[in-house]
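Mapped onto my numbering, the consecutive letters of the sequence shown carry residue numbers 75 to 587.
Virtual Cβ for every residue (Gly too), placed ideally from N, Cα, C.
First up is the structure itself, then whatever we jot down about it.
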Amino acid sequence: GHVRNYTMGDVVARYKAARGFSVLHPMGWDAFGLPAEQYAVKTGVHPALTTAQNIATFKRQMKRVGLSYDWERELSTTDPDYYRWTQWIFLQLYKRGLAYVAEVPVNWCPALGTVLANEEIVDGKSEVGGFDVIRKPMRQWVLKITAYADRLLEDLKLVEWPASTLEMQKNWIGRSIGAEVDFALADRAGAIRVFTTRPDTLFGATYMVLAPEHPLVDVITSEAQKSTVQAYRENAARKSDLQRQELDKEKTGVFTGGYAVNPVNQERLPIWIADYVLMGYGTGAIMAVPAHDERDWAFAHQYQLPIREVIAGGNVQEAAFTDTSRGTVVNSATSDGSFSINGLISSEAIPTVTEWLTKQGKGTKAVNYKLRDWLFARQRYWGEPFPIVWVDGEACPIPEQQLPLILPETSNFKPSGTGESPLANLETWLATTDSSTGKPARRETNTMPQWAGSCWYYLRFIDPKNSTQLVDQTKERYWMPVDLYIGGSEHAVLHLLYARFWHKVLFDIGVVS
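Listed below in structure tokens is the structure:
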């Protein structure tokens, strides 16, 4: 497969050169990866050595095939002269509030004492040893890609990519217009906020569901339900987000003992937790309208919860009626008759309800995205070190003139046992001084994900030996944009989306045109 793909690119490059075009046809190595580190843990061979050997093999084979790459432009993401600029980009993100620290659930294996990547887990157990894996919150660096969601979506019309790739990115960003609605807690202060694209079905809400990790679960759970809820949460912590969202699996959940109040009719709605609701999407809470949502209907049917029709047109006791675009609203009026949307079609009812919620102070029009901020940290050795030190519990960037922050040498690639990367074992490297205050500091032990170096390499190919700039602006204007990029569809919603995000940031700070 590789030879075929590289040959196709080579044919185009040679053809364009023969037609008199200036052709930039480079090759490089995206070489900070999990397999190299896994091999190092098993064998003790430093990943830099195996990476260099593999690069030499690939390069020899490519030359034997006769591919016409410009080897003067060769680069590797593991080269300090390269990742100096990856670190520099991170600092620009941090300075602009686009990089922040958050507690994020990770795959934690207590027996191995390490965080595992999704591909290291098989059926909820570690690939190595078959040990239990749980979801555990840990401190992570996160990039605020959601700040660029509208531009990433809008500017898809400027990109000449296959329609399927554009559609995948559009769906991944997942812009939805709807309303945020506040459901007051019935027996205590506080409220549950939900996002819904269908505020016209509010009168049909008969229960609520929180993600097991939702912070309100501890607040609302009754004494009688505590042990049941805790057991369910522990079981949910063993599942990946993908497992929790599998459509063909029977939905499970438990009642918390708590209730919320529906803002449109003042009904008390029982609050459940269920693992099919994810904390990372929306608000981590949903209003369940089983009459008009298949997932809610299955859950309500299983646990004998009420099903109330609010859009006429189906037999909701037999199945959810989801083609709500062709029905009219029913059973949707306040008990005192002061507000009703009965008889309206959904397109009329949605703005009517949203306006009423806004006036009542119980909701507002909102835009939501499926796109989540980018988890940008790995508890690994083989990656770019973060140009960050910690001083008195605060993250502090190191000065740009100290870049690159070199990945330190070590022969111990095994996990630290604390959840931190193997860098946490290197005490002499960890301990440093903050250059701005002179205070003792501790280096960041997470490393960047493999995506970091691959987000911008097309720019470095233009000017690979520049020691003072990421890329010379005159050269960048001459060569950009990329005319042909060959890659698999698996990159459509990760690598290509991340690269577009970074490019927009670089445009905003004047690095690219």
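Note: V196 is bridge-paired with K199 in the DSSP secondary-structure output. Here F164 really is in contact with A173; their C-beta atoms are around 6 Å apart, less than 8 Å. P289 counts as exposed, since fewer than 16 other beta carbons sit within 10 angstroms of its beta carbon. For P109, the uninterrupted alpha helix (DSSP H) segment begins and ends at L108 to T117. Beta-bridge annotation (DSSP): D256 is paired with R267. About 20 Å separates the beta carbon of V328 from that of T357, a gap too long to meet the 8 Å contact definition. L533 counts as buried, since at least 16 other C-beta atoms from the protein chains shown sit within 10 angstroms of its C-beta. Scanning the region 306-356 from its first residue to its last, the whole alpha helix (DSSP H) runs of 4-plus residues come out as 315-318. The C-beta distance from V283 to A348 rounds to 5 Å, short enough to fall under 8 Å. When only Cα atoms are considered, A122 and A451 end up about 20 Å apart. D370 counts as buried, since no fewer than 16 other beta carbons sit within 10 angstroms of its beta carbon.
In the same chain as I583, and ignoring 5 residues on each side of it, the C-beta atoms closer than 7 Å to its own belong to Q166, in chain order.
The beta-carbon distance between S528 and T151, rounded to whole angstroms, is 7 Å. This is short enough to meet the 8 Å contact definition. Per DSSP, Q299 lies in no beta strand (DSSP E) segment and is marked neither H nor E. Residue range I462 to V465 is occupied by the beta strand (DSSP E) that includes I462.
R262 and P286 do not touch by the CB rule: their CB atoms are close to 20 Å apart, not below 8 Å.
In the same chain as L379, and ignoring 5 residues on each side of it, the C-beta atoms closer than 8 Å to its own belong to T280, Y281, P344, A362, P364 and F373, in chain order. Bounds of the beta strand (DSSP E) holding N442 are G437 to Y443.
S421 and T428 have their C-alpha atoms roughly 12 Å apart. The shortest C-alpha to C-alpha distance from D397 to any of T275, Y143, P489 and E518 is the one to T275.
In this structure D367 is buried. Its beta-carbon is surrounded by 16 or more other beta-carbon atoms within 10 angstroms.
According to the DSSP assignment, Q214 belongs to the beta strand (DSSP E) that extends over I208 to L217.
In this model, W456 and D206 are separated by some 25 Å (Cα to Cα).
In terms of Cβ geometry, T239 and A566 form a close pair [threshold 8 Å].
Residue pairing from DSSP places A469 in a beta bridge opposite W464. Looking at the backbone, the Cα of K300 and that of A265 are separated by about 20 Å. Where I163 is concerned, the enclosing alpha helix (DSSP H) starts and stops at P154 to K169.
Proximity to G278 across V335, Q319, V293 and G562 peaks at V335, based on C-alpha coordinates. DSSP places W371 inside the alpha helix (DSSP H), whose first and last residues are E368 to Y377. Per DSSP, reduced to three states, the secondary structure at M361 is strand. The alpha-carbon of Y552 is positioned some 16 Å away from that of G94. Taking S296 as the centre and dropping the five residues before and after it, the same chain places the C-beta of T330, G331 and G332 closer than 8 Å to its C-beta, in chain order. Rounded to the nearest angstrom, the Cβ distance from S142 to H99 is 6 Å, consistent with a contact under 8 Å.
Contact check between the region 186-200 and the region 500-517: fewer than three CB pairs, one atom from each, fall below 8 Å, which does not count as touching. Remark: C-beta atoms of V384 and S406 approach each other more closely than 8 Å. DSSP places L186 in the coil class of the three-state scheme, outside both helix and strand.
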